[in-house]
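Visitor: Take a look at the following structure, please.
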Amino acid sequence: MFKSFNAVHVLVLALVVAYLHRPAQSDNSIAKQLDPTVTFAGNILLLTAHPDDECMFFAPTILALAALQRPSVSSRDPTSTSSLYSLCMSVGNADGLGAIRKYELESSLDLLGVDTDKRLIVDHPDLQDNFTAYWDAQTIASILKPYVLENRINTILTFDREGISGHPNHKSLPAGVKQLMSSLKEVRLFTLITTPLPAKYGGILAPSLAKFDLYAGDLLHVLEAQLTRLLAMLNVSISSAPKTSPRPEVMPVFVSGTKEYWAALQAMRAHPSQLMWFRWLYVLFSRYMWVNEWNEVKVV
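Quick note on numbering: the sequence shown equals residues -26 to -1, 1 to 274 in mature numbering (1 follows the signal peptide of the UniProt record, and there is no 0).
Below you can see the structure in the form of structure tokens.
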């Protein structure tokens, strides 16, 4: 069986493992903006609908941002920090397990690195876990506003209007944030991009292709800059030489490595009430266990 398994196969396997091992992110990702070496720093709120959303859909982003929760050393204000907050709009009580699921969410957030004093779990009568009901945008905004103001949140991350899984509670959240933004203009909204169904369940192909896209884009931009510099050294006229185009805006992307994937898996295991057989298939094949791609939504 293993006769044809030679050194070349071992080398290829080792390269694949090494390629997947390290996390990656786009150059203008939210994590880069939070880096204390740049001027932007702020508090980010992850807005979810139900316990387990945080690890099923957002783990690559949470793990990347939680790692950056530290004092902004370049700031003159020693109290200035970049912090990640979590707000879950329900306890997931659709099956009468709200108290259990609330406890499970706390355990999951512990594993993902979200501080205990930066969490809020809401149990509102009009925002109950229901696969057939949309939540009212004004109600969502009214809950968000005091929390956003109290914690000086300037960026909110949540589902997009497709809700990744199509759950109406998920799809209601961006509408609620946009309602909030009508009165808090300085708040930025990023939504997690829903990919087509075949791309959702690509397993380890997802981080492989995402990393290829990131690295290829970086490489092409570097090559373009080097070519322009070389032509200038050769005294090629500016009119005939290709001009270096400004780098296009790149969507914020977080790609987990194997360590981050394992952390997300452990966080999912903190939700034993939800671990039916099909959830194991999800964690094995879902793109969102590995890759998060974000789109900024602006309200005019």
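Quick reminder that beta carbons are idealized off the backbone N, C-alpha and C, glycines included.
Going by the beta-carbon positions, is the gap between I114 and G150 smaller than 8 Å?
Guide: Result yes, Cβ atoms of I114 and G150 sit closer than 8 Å.
Visitor: Where do the N-terminal and C-terminal ends of the alpha helix (DSSP H) with Y77 fall, by residue?
Guide: 72 to 86
Visitor: Looking at C-beta atoms only, is the number of pairs between the region 26 to 39 and the region 232 to 244 that lie closer than 8 Å three or more?
Guide: yes
Visitor: Does E28 come out as helix, strand or coil in the three-state DSSP assignment?
Guide: helix
Visitor: Who does S60 pair with in a DSSP beta bridge?
Guide: Bridge partners of S60: L20, R93.
Visitor: Less than 8 Å separating the beta-carbons of W264 and A180?
Guide: yes
Visitor: So, do the region 71 to 84 and the region 107 to 122 have three or more beta carbon pairs nearer to each other than 8 Å?
Guide: no
Visitor: To the nearest angstrom, report how far apart V257 and D89 are at their CA atoms.
Guide: 24 Å
Visitor: Which runs of the beta strand (DSSP E) fall wholly inside the region 115 to 159 and span at least 3 residues, in chain order?
Guide: Segments of the beta strand (DSSP E) lying fully in the region 115 to 159: 127 to 133.
Visitor: Excluding the 5 residues flanking Q153 on each side, which residues of the same chain have their C-beta closer than 8 Å to its C-beta?
Guide: A111, Q112, I114, A115
Visitor: May I have the straight-line CA-CA distance separating Y262 from C29, to the nearest angstrom?
Guide: 9 Å
Visitor: Among the candidates M242, I95, V229, whose CA atom is the shortest distance from the CA of residue 359?
Guide: One cannot answer for residue 359 here, as it falls past the ends of the chain, which runs -26 to 274.
Visitor: Distance, Cα to Cα, T129 vs G16?
Guide: 8 Å
Visitor: So, for E160: in the same chain, excluding its five sequence neighbours on each side, which residues have a beta-carbon less than 7 Å away from its beta-carbon?
Guide: N128
Visitor: Which residues in the same chain as S247 place their Cβ atom closer than 7 Å to its Cβ, once the five residues preceding and following it in sequence are excluded?
Guide: L71, I74, R75, E78
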